[in-house]
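Line by line, the protein sequences are chains L and H. Read the first sequence against the working numbering and you will find it ends at 414, with the numbers running on by one and no gaps. Read the second sequence against the working numbering and you will find it ends at 607, with the numbers running on by one and no gaps. Backbone N, C-alpha and C fix where the C-beta goes; we use that ideal spot for every residue, glycine too. Computed from a prediction, not measured in an experiment: that's the story for all the values here. Notes follow the structure.
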Amino acid sequence: MVTSAAREPSCTLNTGAQGQVLCLHGDWTLRRLPRLEADLKTLDIDPLRPLRLDAGKLDTLDSAGANHLLLHLGRQGQPFPHLSLVGFSKQGLALLDLVAVRRDVVPLRARRRRGLRQVLGWHAWAIARGARAGLAFIGQTGQAFGTLLRHPGSMRWRELFVQLEMVGLRAIPIVMLMNYLIGVVFAYLLGIQMQKFGASHLVVDGVGLGIAREFAPLITAVLVAGRSGAAFTAHLGSMKVNQEIDAIVTMGLSPFQVLVLPRLFAILLMLPLLSFTADVAGIAGAAQVASLHLGIPATSFYGRLREVLPLSTVLFGLEKTPAFALAIAMIACHSGFSVRRDARSVGLHTTSTVVRGIVAVLLIDSAFAVAYPDIQT
Amino acid sequence: MNQGAGSNAPVVEVESLRTRLDGHWVHDGISFTLRPGEIVALIGGSGTGKTVLLNQLVGLRSPDGGRVKLFGQDLAQLSSADLQALRRRFGFLFQDGALFSAMRVAENVATPLREHLPWLALPLREEIVDLKLALVGLPPDAAGKMPSELSGGMRKRAALARALALEPELLFLDEPTSGLDPISSREFDRTLRVLVDSLRLTVLLTTHDLDCLWGLADRVIVLFEGRVIGDGPVREVAGIEHEWIRSYFHTRTLE
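Structure follows, in structure tokens:
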């Protein structure tokens with residue numbers, strides 16, 4: 038059709054005794070459309086006199102060309118049924134007929150534009166719906182947990198252990214590395230300040246308190262929110278896209294039992310443990326810097342640490358982590374379940390999980406800091 | 353008027369094509385040709401590699417042996433630029449539509465136009481999009497919807513509209529009527545027939561729909577155990593004495 042020998046399209050309008058005749062020449066195809074449009078516009082078609090289409094010199098006609106011709110003639114007051122057609126091949130007639138009939142059945146789509154009020158209203162409605170869905174999700178998870186308490190046999194052990202490995206075991210290296218580095222940086226900065234006052238040994242007090250109470254739990258929770266939260270959402274979201282979650286429901290199982298609870302338990306169990314490894318790594322990093330740069334040997338570092346860091350501070354840090362874990366797991370699973378059936382939705386929800394998870398962790402952490410301001414020393 | 357007059361050179365040529373999948377030969381020497389203006393149906397049991405074959409024909413997958421020629425050009429010897437140019441000349445309808453899920457239906461149909469004919473003014477582009485959507489029989493409100501909001505049959509039609517956007521000379525359809533109700537299927541067949549006759553389209557489709565086979569296809573190619581066991585008009589192929597073919601067509605005569 039579209040070959041190098043394609044012929045430029047054109048049309049001429051002759052007004053004779055028996056009415057108007059529109060002669061079509063050349064290729065009336067998609068690639069010639071701008072030219073066609075310009076040509077047709079120059080014609081002065083009288084809507085009151087009958088129009089004949091003469092295709093005697095027409096080379097090729099495709100649906101875009103046929104459509105444009107009919108649309109233009111329709112706008113000029115010459116609708117398709119009133120045209121008389123001459124010289125078209127059988128196929129050409131069939132094409133014109135198809136285009137005209139289908140155009141009739143399906144009217145032009147209306148283009149919608151949304152104003153500011155609609156956009157505001159739409160977003161407010163979306164937030165309200167989201168809040169309701171979130172509450173429903175928490176309720177359903179609680180219900181599933183209740184069922185599990187009454188029927189402990191319905192626990193999905195295999196899924197739980199898979200998640201324990203993914204969330205906990207495989208996160209240990211990155212969690213320890215991050216916290217080690219935080220310990221190094223923190224001890225170094227604090228040490229420089231303390232040296233000014235000749236009180237280098239106070240580094241131990243600051244590092245112990247900072248890492249055990251804030252840094253280790255927070256850094257770990259942020260890492261897990263990014264790592265496991267994103268994984269949960271992406272996994273559950275792809276299952277949703279693939280209708281696997283519907284399949285679970287039709288098998289008479291509860292997706293909350295099968296998918297949500299194992300993930301929730303895995304994070305609840307693993308986040309405190311990971312935080313503890315984070316404590317250890319952070320303090321090890323600090324001790325390293327103290328012995329290399331601040332002249333505090335490791336033995337005196339750990340000796341002082343035992344004096345100034347009470348167990349209650351470490352426990353306070355670890356006690357926060359189940360709250361973090363709950364928030365991360367619920368946000369991630371809910372987000373995964375709310376994915377719509379398209380690929381972009383998975384990406385959007387995964388991003389939102391990570392952002393909301395980290396924000397939630399920081400909010401909970403500040404709530405704890407405000408609620409328990411006393412620091413034992 | 354000489355609409356559609358052109359050479360009768362084959363549009364698709366497949367020569368002794370071989371494909372190895374998971375350790376066995378799915379295609380073991382397949383050959384056939386498609387001439388302009390033909391609607392050819394590819395049939396075969398599940399797992400006979402119909403979709404794989406279509407993917408090889410459009411260059412998504414290279415065969416493990418044999419040759420594929422489109423419009424006389426050997427796919428294996430084309431540079432990637434030439435292959436891209438060649439790809440503008442055919443449309444492909446994927447089994448599940450493969451609509452871009454981040455775009456509305458109208459944007460999906462407009463994508464090939466925007467990419468390949470960027471000089472086309474917006475009103476003309478929208479006019480073509482409207483036409484294609486109307487041609488495949490989509491209701492007007494579907495244009496502004498996201499693919500995830502459409503039913504399976506409507507997604508299929510939207511995907512066909514996208515495949516038709518550039519006025520292709522050759523169409524590959526992977527199970528075009530599966531998931532459509534019989535009325536829509538026949539409507540689809542009729543639309544396709546008119547398009548093929550008026551635009552001198554060539555169509556290769558895979559199907560399990562016997563009505564589509566009898567009502568639409570000019571020719572049927574039967575794949576069985578990696579070979580072509582039947583190639584000809586439906587009536588002829590249905591008469592071939594072969595166990596699989598007999599049981600395939602027998603499911604209909606029972607009615």
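Assigned with DSSP and collapsed to three states, L/I229 falls in helix. Judged by pairs of C-beta atoms under 8 Å, the segment 485-497 of chain H does not touch the segment 382-394 of chain H, as fewer than three such pairs exist. Using a Cβ-Cβ cut-off of 8 Å, L/V58 does not count as an interface residue toward chain H, since no Cβ of chain H sits closer than that to its own. Taking 8 Å as the threshold, the shortest C-beta distance from H/V546 to chain L falls below it.
H/M506 has a beta carbon lying at 8 Å or more from every beta carbon in chain L.
In the DSSP assignment, H/V392 forms a beta bridge with H/L556 and H/R571. Per DSSP, the beta bridge partners of H/E367 are H/R419. For the C-beta of H/D533, not a single chain L residue is nearer than 7 Å; the gap to the nearest is close to 17 Å. Going by C-alpha positions, L/R300 is about 15 Å away from L/G394. About 6 Å separates the beta carbons of H/D526 and H/L406, which is inside the 8 Å limit, making them a contact pair.
Using a 10 angstroms sphere on the CB of L/I365, the tally of other CB atoms reaches 16 or more, which defines it as buried. About 14 Å separates the beta carbons of H/F446 and H/T463, which is beyond the 8 Å limit, so they are not a contact pair. Take the alpha-carbon of L/T358 and the one of H/A515: they are about 53 Å apart. Contact between the segment 367-376 of chain L and the segment 163-180 of chain L is present, with at least three C-beta pairs closer than 8 Å.
One finds L67, L70, S100, A101, N104 and H105 in chain L with Cβ atoms closer than 9 Å to the Cβ of H/I480, taken in chain order. Comparing C-alpha distances from L/A253 to each of L/A315, L/H119, L/A103 and L/T336 shows the shortest one belongs to L/A315.
Take H/P362, set aside five residues on each side of it, and the residues of its chain with a beta-carbon closer than 7 Å to its own are T385, L386 and R387, in chain order. Taking the Cα positions, L/E281 is about 10 Å away from L/T287. Taking a Cβ-Cβ cut-off of 9 Å, the neighbours of H/L469 in chain L comprise L67, R68 and L70, given in sequence order.
Burial check for H/D533: the Cβ neighbour count within 10 Å stays below 16, so the residue is exposed. Judged by DSSP in its simplified three-state form, L/V376 adopts coil rather than helix or strand. When Cβ-Cβ separations below 8 Å define contact, L/L135 makes contact with chain H.
Shortest Cα-Cα distance from L/G171 to any of L/P347, L/S372 and L/M276 involves L/S372. Per the coordinates, the alpha-carbon of L/L218 lies some 6 Å from the alpha-carbon of L/G322. Setting aside the 5 residues that flank it on each side, L/A360 is surrounded in the same chain by I401, each with a C-beta closer than 7 Å to its C-beta; the list follows chain order.
For L/G63, no CB of chain H lies under 8 Å from its own CB, so it is not counted at the interface with that chain. Of all alpha-carbon atoms in H/S398, H/W566, H/L518 and H/L553, the one lying nearest the alpha-carbon of H/S537 is that of H/W566. The beta carbon of H/D549 falls within 8 Å of a beta carbon belonging to chain L, placing the residue at that interface.
Contacts with chain L at 8 Å (Cβ-Cβ) do not include H/P464.
Residue pairing by DSSP places L/L59 opposite L/L50 and L/L90 in a beta bridge. Listed in chain order, the non-local C-beta contacts of L/R264 below 7 Å within the same chain comprise A208, local neighbours out to five positions each way being set aside. Residues of the segment 232-244 of chain L whose Cβ lies closer than 7 Å to any Cβ of chain H: none. Of all residues in the segment 489-516 of chain H, only G489, L490, P491, P492, D493, A494, A495, G496, M498, P499, S500, E501 and L516 come within less than 9 Å of chain L when Cβ atoms are compared, listed by chain position.
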